[in-house]
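Visitor: Adding 410 to a residue's 1-based position in the sequence shown gives its number in our numbering.
Don't be surprised by glycine CBs; every beta carbon is placed ideally from N, CA and C.
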Amino acid sequence: MSTPSQPPVTVSASPADTVAAPQAPKLILNPTTFAQLLLLRSLEIEYSRYSKDVAQQMAQAESALYETVLYGNYRKTDTQRQRTTEEKAITMLSTNDYVLYENARNAEMGIKQLLPSGAEVTIGGRVVDRSNNIMAKYNTNVEVTSALVVTLKQPLLKGAGVTVTEADKRVAEYESMIQAWLYRQQLLKVMGDGLSLFWQAHMAQQVAQLRLEMLRSADAMIADARQRILAGKLSPRSVQELERFRLTRQGDWVRYQQNANELQSRVINVLNFRRADLSGLELQPTRVDALPLSMLEGGTSLNDALDNWAPFQVSRLRVAQGRTRLAYAANQRLPVLDFQYSYSSNGLAETFRGSASLVKQNTYPDWWVGFNFEMGLSGGEKTRSQLQAQHLRVIQSETELAAVRLSLENDLISKREEVLSIRKEVEIYQADVKLKTALRHSEWTRFQAGLGLVNTLLQAEQDLLEARVRMLDAMGRLETTQLALWLANGTLLEAHNVQAHLPQTTLQ
Numbered sequence: 411m412s413t414p415s416q417p418p419v420t421v422s423a424s425p426a427d428t429v430a431a432p433q434a435p436k437l438i439l440n441p442t443t444f445a446q447l448l449l450l451r452s453l454e455i456e457y458s459r460y461s462k463d464v465a466q467q468m469a470q471a472e473s474a475l476y477e478t479v480l481y482g483n484y485r486k487t488d489t490q491r492q493r494t495t496e497e498k499a500i501t502m503l504s505t506n507d508y509v510l511y512e513n514a515r516n517a518e519m520g521i522k523q524l525l526p527s528g529a530e531v532t533i534g535g536r537v538v539d540r541s542n543n544i545m546a547k548y549n550t551n552v553e554v555t556s557a558l559v560v561t562l563k564q565p566l567l568k569g570a571g572v573t574v575t576e577a578d579k580r581v582a583e584y585e586s587m588i589q590a591w592l593y594r595q596q597l598l599k600v601m602g603d604g605l606s607l608f609w610q611a612h613m614a615q616q617v618a619q620l621r622l623e624m625l626r627s628a629d630a631m632i633a634d635a636r637q638r639i640l641a642g643k644l645s646p647r648s649v650q651e652l653e654r655f656r657l658t659r660q661g662d663w664v665r666y667q668q669n670a671n672e673l674q675s676r677v678i679n680v681l682n683f684r685r686a687d688l689s690g691l692e693l694q695p696t697r698v699d700a701l702p703l704s705m706l707e708g709g710t711s712l713n714d715a716l717d718n719w720a721p722f723q724v725s726r727l728r729v730a731q732g733r734t735r736l737a738y739a740a741n742q743r744l745p746v747l748d749f750q751y752s753y754s755s756n757g758l759a760e761t762f763r764g765s766a767s768l769v770k771q772n773t774y775p776d777w778w779v780g781f782n783f784e785m786g787l788s789g790g791e792k793t794r795s796q797l798q799a800q801h802l803r804v805i806q807s808e809t810e811l812a813a814v815r816l817s818l819e820n821d822l823i824s825k826r827e828e829v830l831s832i833r834k835e836v837e838i839y840q841a842d843v844k845l846k847t848a849l850r851h852s853e854w855t856r857f858q859a860g861l862g863l864v865n866t867l868l869q870a871e872q873d874l875l876e877a878r879v880r881m882l883d884a885m886g887r888l889e890t891t892q893l894a895l896w897l898a899n900g901t902l903l904e905a906h907n908v909q910a911h912l913p914q915t916t917l918q
């Protein structure tokens, strides 16, 4: 995002001061600098940014799916048991002929690797050294068995395929993209609401200023009328009418100025400033570039708007996310059928080096192959219900996607028509103000010449005031409606020089 210009700081010093003491700064903002400052200071955006960052970290965590795992274990055993018949046939001990005393140490280390097909490959080395009372009879202290083992377990039905293996990873990646679009949606929402408040506050201040001008005009009319009474050109009753008119104007000004102050306070609040830290707030009505005629005539295609429209992209990603879960749920309905294979090279000696040498020579290989099968006898009621529930979720997401698309299409047409209509309305009110200004000037000229009536002049003043208020109201509605159209076609951020790249819409 672009960085807004810094607000000017006013400083002053008393004659006794030796160093100028800075006062609170005054914020001077146009719509673009206001929007940029708002995006930098909004707590809602900061909260949404955290959600986006959390989703990114979760997606990165799931990306470690194929990380090679190093494993190891060590076990020491002490055994005292009855000897088997084979052991008895080997030798007869002088004492405890029926008891075997054995000590053993078992160590294993290797790596595990998950493959996209769902297979798990394990390569490891195993060493077992043991000693017992039978070996002692033959003057052998220890027996070392070494083995290099390769094991493969490949699911053939349930759990097979990259769609199942990467299901959690893809769901997390879709969630990361969804949160990125929700973050963009929050940017647009905060900026749209903030700029709408900006124009409300500006127009309220304009109306309050207009009321103040009318109050000053009433004061001038009263002063002029008193001079005319002293000259004998006007009756004293006319001043009473003017005083009543002035009191009405003063009450209107106080009321509208209070409304303008409240709206300015809301502007300061949304910017997350303390009121005591600012000496004032000035809103400058500098407008961004006008909406291009092509946008108002429907030149911007619906597909272009959909590409920028966060709610549509979020719904589309939720459909894709739901289909990923649906494919996983469909796979879980299948029975378990795993192909298993293991191969090992073994060596037996009285030392580790001797047993390891036999392992390298692959003189004594050992392998086995087999299948593992599992299936629920009741037909898998749980997985069937989960599949049906996920299927309904996908249908629900597709329904939401269609509704969002239709809503945006209708909203674009409505907003374009509304902008064109209010533009014509502004032109009409501008012409009305021009006419009412001329009429008021004519009545004022007649009044000064002694030919006009006070009531007629006051009515002309009232008509001009109402016309100017209507024009300001229409101009404010035009600004907020244009904001709504920029928001609908997804270009509001770019219209105010905020660089926010569009998030991803598909998996890499």
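Using the Cα positions of M519 and Y753, report the straight-line distance between them to the nearest angstrom.
Guide: Taking the sequence shown and counting its residues from 1, one reaches residue 519 at position 109. Taking the sequence shown and counting its residues from 1, one reaches residue 753 at position 343. Roughly 16 Å between the two C-alpha positions.
Visitor: Do the CB positions of L620 and R878 come within less than 7 Å of each other?
Guide: One-based indexing of the sequence shown puts residue 620 at position 210. One-based indexing of the sequence shown puts residue 878 at position 468. Their beta carbons are under 7 Å apart, which means L620 touches R878 by this criterion.
Visitor: Within the same chain, show all residues whose beta-carbon is closer than 6 Å to that of E835, passing over the 5 residues directly before and after it, in chain order.
Guide: Translated into positions along the sequence shown, residue 835 becomes position 425. Contacts found: A884.
Visitor: Can P745 and L567 be called in contact, C-beta distance under 7 Å?
Guide: Here residue 745 refers to the residue found at position 335 when the sequence shown is read from its first residue. Here residue 567 refers to the residue found at position 157 when the sequence shown is read from its first residue. Against a cut-off of 7 Å, the Cβ pair of L567 and P745 comes out as a contact.
Visitor: Report the start-end ranges of each alpha helix (DSSP H) in the stretch 586-611 that is 4 residues or longer and not cut off at the edges.
Guide: If we require 4 residues or more, the stretch 586-611 turns out to have no alpha helix (DSSP H) run fully inside it.
Visitor: Compare the Cα-Cα distances from M545 to each of Q470, E512, A910, Y508 and report the closest residue.
Guide: Along the sequence shown, one-based indexing puts residue 545 at 135. Of the candidates Q470, E512, A910, Y508, the one whose C-alpha sits nearest the C-alpha of M545 is E512.
Visitor: Around the C-beta of Q446, are 16 or more other C-beta atoms found within 10 angstroms, so that it is buried, or is it exposed?
Guide: The sequence position of residue 446 within the sequence shown is 36, counting from 1. Buried, since its Cβ has 16 or more Cβ neighbours within 10 Å.
Visitor: I need the straight-line Cα distance from G790 to N718, nearest angstrom please.
Guide: Counting from 1 along the sequence shown, the entry for residue 790 is found at position 380. Counting from 1 along the sequence shown, the entry for residue 718 is found at position 308. Their Cα atoms are separated by approximately 43 Å.
Visitor: Kindly indicate which three-state DSSP category R684 falls into: helix, strand or coil?
Guide: Stepping through the sequence shown from its first residue, residue 684 is reached at position 274. DSSP places R684 in coil when its eight states are reduced to three.
Visitor: In the DSSP assignment, the alpha helix (DSSP H) including L849 goes from what residue to what residue?
Guide: The sequence position of residue 849 within the sequence shown is 439, counting from 1. 791-858 is the span of the alpha helix (DSSP H), which, as asked, contains L849.
Visitor: When the distance is taken between beta carbons, is D842 closer than 7 Å to A898?
Guide: Position 488 of the sequence shown holds residue 898. Position 432 of the sequence shown holds residue 842. It is not a contact, given that the beta carbons lie outside the stated cut-off.
Visitor: Going by C-alpha distance, which of T478, K563, T891, R826 is nearest D748?
Guide: Taking the sequence shown and counting its residues from 1, one reaches residue 748 at position 338. Out of T478, K563, T891, R826, K563 has the C-alpha closest to the C-alpha of D748.
Visitor: Roughly how many whole angstroms lie between the Cα atoms of T890 and A799?
Guide: Here residue 890 refers to the residue found at position 480 of the sequence shown. Here residue 799 refers to the residue found at position 389 of the sequence shown. When rounded, the distance between both Cα atoms is 43 Å.
Visitor: According to DSSP, simplified to helix, strand and coil, what is Q523?
Guide: Sequence index remark: in the sequence shown, residue 523 carries index 113 (1-based). Of the three classes helix, strand and coil, the one that applies to Q523 here is strand, per DSSP.
Visitor: So, for A517: in the same chain, excluding its five sequence neighbours on each side, which residues have a beta-carbon less than 6 Å away from its beta-carbon?
Guide: Locating residue 517 in the sequence shown gives position 107, where the first residue counts as 1. Once the five neighbours on either side are set aside, the close Cβ partners of A517 are Y484, V537.
Visitor: Thinking C-alpha only, which one of A859, Y457, R626, R515 is nearest R638?
Guide: As a first step, residue 638 is located in the sequence shown; it is residue number 228 there, counting from the start. Measuring from the Cα of R638, the nearest candidate turns out to be A859.
Visitor: G571: which of T734, F762, Q806, T901 sits nearest, CA to CA?
Guide: Start at 1 with the first residue of the sequence shown, and residue 571 comes out as number 161. Of the listed residues, the one whose Cα sits closest to G571 is T734.
Visitor: With a threshold of 8 Å, are at least 3 pairs of Cβ atoms found where one atom belongs to the stretch 776-785 and the other to the stretch 584-596?
Guide: Output reads no: the stretch 584-596 does not touch the stretch 776-785.
Visitor: Let me know the secondary structure DSSP gives D699 once reduced to three states.
Guide: Stepping through the sequence shown from its first residue, residue 699 is reached at position 289. The predicted position of D699 is uncertain, since its pLDDT is 49 and thus under 50; no value can be drawn from it.
Visitor: Can you say whether I832 is buried or exposed, counting buried as having 16 or more other CB atoms within 10 angstroms of its CB?
Guide: Start at 1 with the first residue of the sequence shown, and residue 832 comes out as number 422. I832 is buried by the Cβ-count criterion.
Visitor: Is DSSP giving S461 helix, strand or coil here?
Guide: For the purposes of this step, residue 461 is taken as the residue at position 51 of the sequence shown. It is helical.
Visitor: Counting beta carbon pairs with one atom in the stretch 653-661 and one in the stretch 620-632, are three or more of them shorter than 8 Å?
Guide: As far as the Cβ criterion goes, the stretch 620-632 touches the stretch 653-661, which means the pair count is three or higher.
Visitor: Is A529 closer than 7 Å to T487 when the C-beta atoms are compared?
Guide: Along the sequence shown, one-based indexing puts residue 487 at 77. Along the sequence shown, one-based indexing puts residue 529 at 119. Against a cut-off of 7 Å, the Cβ pair of A529 and T487 comes out as no contact.
Visitor: Would you mind working out which of R803, L475, F762, A471 sits nearest S556, comparing C-alpha positions?
Guide: Taking the first residue of the sequence shown as 1, we reach residue 556 at position 146. S556 has its Cα closest to that of F762, out of R803, L475, F762, A471.
Visitor: Please report the straight-line C-alpha distance between L691 and S675, rounded to a whole angstrom.
Guide: Taking the first residue of the sequence shown as 1, we reach residue 691 at position 281. Taking the first residue of the sequence shown as 1, we reach residue 675 at position 265. L691 and S675: Cα-Cα distance of roughly 9 Å.
Visitor: Could you name the residues that DSSP lists as bridge partners for G780?
Guide: Residue numbering aside, residue 780 sits at position 370 when the sequence shown is read from its first letter. G780 is bridged to Q750.
Visitor: State buried or exposed for N741, treating a residue as buried only when at least 16 other CB atoms are found within 10 Å of its CB.
Guide: The residue labelled residue 741 in the question sits at position 331 within the sequence shown. Buried, by the Cβ-count rule.
Visitor: Quick check on G732: does DSSP put it in helix, strand or coil?
Guide: By 1-based counting over the sequence shown, the position of residue 732 is 322. Residue state, collapsed to three classes: helix.
Visitor: May I ask you to list the residues that DSSP assigns as paired with R540?
Guide: Residue 540 sits at position 130 when you count from the first residue of the sequence shown. Partner(s): A514, E553.
Visitor: Would the stretch 443-460 and the stretch 600-619 be scored as touching if the rule is three or more Cβ pairs under 8 Å?
Guide: They touch, by the three-pair rule.
Visitor: If distances are taken between C-alpha atoms only, which option among L863, E760, T855, L818 comes closest to S541?
Guide: Counting from 1 along the sequence shown, the entry for residue 541 is found at position 131. Nearest option by C-alpha distance: E760.
Visitor: Cα-Cα, which of N543, R636, A628, Q470 is closest to A582?
Guide: Counting from 1 along the sequence shown, the entry for residue 582 is found at position 172. Selected option, being the one with the closest Cα: Q470.
Visitor: Return the first residue and the last residue of the beta strand (DSSP E) that G482 is part of.
Guide: By one-based count along the sequence shown, residue 482 stands at place 72. Note, G482: beta strand (DSSP E), 479-492.
Visitor: Taking a contact to mean a Cβ-Cβ separation below 7 Å, would you say K462 touches A590 in this structure?
Guide: Here residue 462 corresponds to residue number 52 of the sequence shown, with the count starting at 1. Here residue 590 corresponds to residue number 180 of the sequence shown, with the count starting at 1. Contact flag set, yes.
Visitor: Taking E692 as part of the beta strand (DSSP E), name the residues at either end of that continuous run.
Guide: Within the sequence shown, numbered from 1, the residue matching residue 692 stands at position 282. Here the beta strand (DSSP E) through E692 covers 690-693.
Visitor: Provide the residue(s) that pair with K568 in DSSP beta bridges, ordered along the chain.
Guide: In the sequence shown, the residue the question calls residue 568 occupies position 158. Answer is none; K568 lacks a bridge partner.
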